[in-house]
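Residues 16 to 85 (the working numbering) make up the sequence shown, in order. Cβ coordinates follow ideal geometry from the N, Cα and C atoms, glycine included. Just so you know, these numbers come straight off a predicted model, no measurement behind them. To keep things clear, I will list the structure first and then write my remarks on it.
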Amino acid sequence: MSLAGALAKVNTLAAEEAAGNQDVHGDLLRAIRELQLATETPLETTSRLNFQARPGREALEDIPANFVIL
16 MSLAGALAKV NTLAAEEAAG NQDVHGDLLR AIRELQLATE TPLETTSRLN FQARPGREAL
76 EDIPANFVIL
């Protein structure tokens, strides 16, 4: 997806959520992530992945079974 397309999608979904449609919240979060991926350079992606926090085993045991990662 192009940068302009990703930005337009975020704007559309943000407007829908602001108008009271809470059903689009998950879609908005995914669209924001798509915008980030469309914007960042390969070096930025690598840097983000290298420094992104990874929880230890104990932290993973505390995550509820119904937890969903978008």
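Item: Apart from the five residues on each side of it in sequence, which residues of its chain come closer than 6 Å, Cβ to Cβ, to alanine 21?; Value: Glu49, Leu50, Ala53
Item: Note down the Cα distance separating threonine 60 from alanine 19, rounded to an integer number of angstroms.; Value: 19 Å
Item: Rounded to whole angstroms, how far is the Cβ of glutamate 31 from the Cβ of valine 39, which I believe are closer than 8 Å?; Value: 5 Å
Item: Please classify arginine 46: is it buried, with 16 or more other beta-carbons within 10 angstroms of its beta-carbon, or exposed?; Value: It is worth fixing the name first, because residue 46 is alanine in this sequence and not arginine. Under this definition alanine 46 is a buried residue.
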